[in-house]
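Peer 1: I have a structure I would like to understand better, so I am pasting it below and will then ask my questions one at a time.
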Amino acid sequence: MSSMVSGEYDGVDEALDEILTSEHPDCHERLGNLAGELQRVLYLFRAPAEFDAAFAHVMPHVTHARVRVLLDAVHAHFAEQH
Numbered sequence: 210m211s212s213m214v215s216g217e218y219d220g221v222d223e224a225l226d227e228i229l230t231s232e233h234p235d236c237h238e239r240l241g242n243l244a245g246e247l248q249r250v251l252y253l254f255r256a257p258a259e260f261d262a263a264f265a266h267v268m269p270h271v272t273h274a275r276v277r278v279l280l281d282a283v284h285a286h287f288a289e290q291h
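Residues in the sequence shown are numbered from 210 upward in steps of one, following this note's numbering.
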């Protein structure tokens, strides 16, 4: 999430593209850090409605469902590529 706030990624779609096209060996650190951030925010906002309400005014493109898709993509990348 901080990478989205800091401007590293413009939005969830750009982050997903980064996950799917990550080059080795840099992906370990970058995607590992992203996965940690995504998991942490999902723990902080357990209910999808609570999550969506918290981010709607700051980052409306970031939703609970889209963060889950990103986290699942990170897991799939590591399962398939490493």
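In this text, a Cβ means the ideal position worked out from N, Cα and C, and glycines have one as well.
If I follow the unbroken alpha helix (DSSP H) through Pro-257, where does it start and stop?
Peer 2: 257–265
Peer 1: Which one of Ala-274, Glu-223, Ala-224 and Gly-241 has the shortest CA to CA distance from Ala-288?
Peer 2: Gly-241
Peer 1: Quick check on His-273: buried or exposed, where buried means 16 or more other Cβ atoms within 10 Å of its Cβ?
Peer 2: buried
Peer 1: Pull up the CB-CB distance for Arg-224 and Leu-280, whole angstroms please, since I reckon it's below 8 Å.
Peer 2: A quick correction: the sequence has Ala, not Arg, at residue 224. So it is not a contact: roughly 10 Å between Cβ atoms.
Peer 1: Measure the alpha-carbon distance for Ser-211 versus Glu-246 and round it to whole angstroms.
Peer 2: Low per-residue confidence applies at Ser-211: pLDDT is 49, beneath 50, and the placement is therefore not dependable enough to give any value.
Peer 1: Using only the alpha-carbon positions, how far apart do Arg-277 and Cys-236 sit?
Peer 2: Taking C-alpha positions only, Arg-277 is separated from Cys-236 by approximately 19 Å.
Peer 1: Between which two residues does the alpha helix (DSSP H) harbouring Val-278 extend?
Peer 2: 273–290
Peer 1: So does Phe-287 have its beta carbon nearer than 7 Å to some heavy atom of the ligand PLP?
Peer 2: Among the ligands in the structure shown, none appear at all, so the ligand PLP cannot be discussed.
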